[in-house]
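In what follows, a single structure is set out as structure tokens and then discussed.
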Amino acid sequence: MNRRFSFPNPFGPVDSGSTAQAMARLSALAFWLWAATGLMQAGLVWYASDASYAEFRGATTGFAVFFALTAGLLGWMQWRRPNRILPVFGLAWALYELSSFGVSLLVGAPLGVAGVPAWGGMIAATAMLACVVLHVGGLRGATALARFATAPLASKR
64 MNRRFSFPNP FGPVDSGSTA QAMARLSALA FWLWAATGLM QAGLVWYASD ASYAEFRGAT
124 TGFAVFFALT AGLLGWMQWR RPNRILPVFG LAWALYELSS FGVSLLVGAP LGVAGVPAWG
184 GMIAATAMLA CVVLHVGGLR GATALARFAT APLASKR
């Protein structure tokens with residue numbers, strides 16, 4: 064049997080419950096992408112930071128790993144039981160990350176995580192752009208999933 068992985072379009076139509084669930088799980092993928100980005104930043108701080116950040120290396124790495132574990136847990140929660148709250152939270156957080164990155168570029172301030180090279184910050188910003196798109200799709204799917212779940216109740220009246 065030939066089964067291919069089908070990645071749902073975050074902006075496509077939501078016409079069935081299975082499509083809605085697949086789209087709601089896009090938000091879980093976004094959280095896992097956020098976790099992978101956090102672990103990448105933690106590794107960059109630990110191994111690639113220069114001597115001026117040596118005293119902050121442990122705390123910054125621990126903070127990045129904590130956020131990565133939190134994002135991984137939120138992704139697992141969204142995968143197991145999709146809801147509308149987590150995509151809204153993820154979308155708000157990703158937009159905050161992108162806005163802080165943009166402001167730091169505008170004013171010439173260092174990037175959000177001390178010790179991360181500029182190319183690491185660009186990878187993180189690109190990942191956050193992808194997270195925004197995935198969270199929008201996840202929110203659309205979770206909303207449709209809630210609508211499909213309550214549709215039989217409305218027809219019984």
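Quick note: the working numbering has the sequence shown finishing at residue 220, numbered continuously throughout. Beta carbons are placed, not taken as given, at the ideal position from N, Cα and C, and that holds for glycine. Fair warning: this is a prediction, and the values are worked out from it, not measured in the lab.
Can you give me the Cβ contacts of A172 inside the same chain, cut-off strictly under 8 angstroms, excluding the 5 residues immediately before and after it?
V166
Using a 10 Å radius around the Cβ and a threshold of 16 neighbouring Cβ atoms, would you call S69 buried or exposed?
exposed
Sufficient close CB pairs (3 or more, under 8 angstroms) joining the region 73 to 89 to the region 198 to 206
yes
Smallest Cα separation from F130: which of W95, T82, G183, S81?
W95
Return helix, strand or coil for A79, following the three-state DSSP convention.
Per the sequence shown, residue 79 should be read as Ser rather than Ala. S79: coil per DSSP, three-state reduction.
Which whole-angstrom value describes the C-beta separation of L208 and P145, a residue pair presumed to lie in contact below a C-beta threshold of 8 angstroms?
6 angstroms
Where does F126 sit, in a helix, a strand or coil, going by DSSP?
helix
Please state the DSSP three-state secondary structure of A155.
helix
How would you call L169, buried or exposed, if buried means at least 16 neighbouring beta carbons within 10 angstroms?
exposed
Does the distance from the CB of A91 to the CB of F211 come in under 8 angstroms?
no
Measure the C-alpha to C-alpha separation of F152 and A190 and round it to an integer number of angstroms.
16 angstroms
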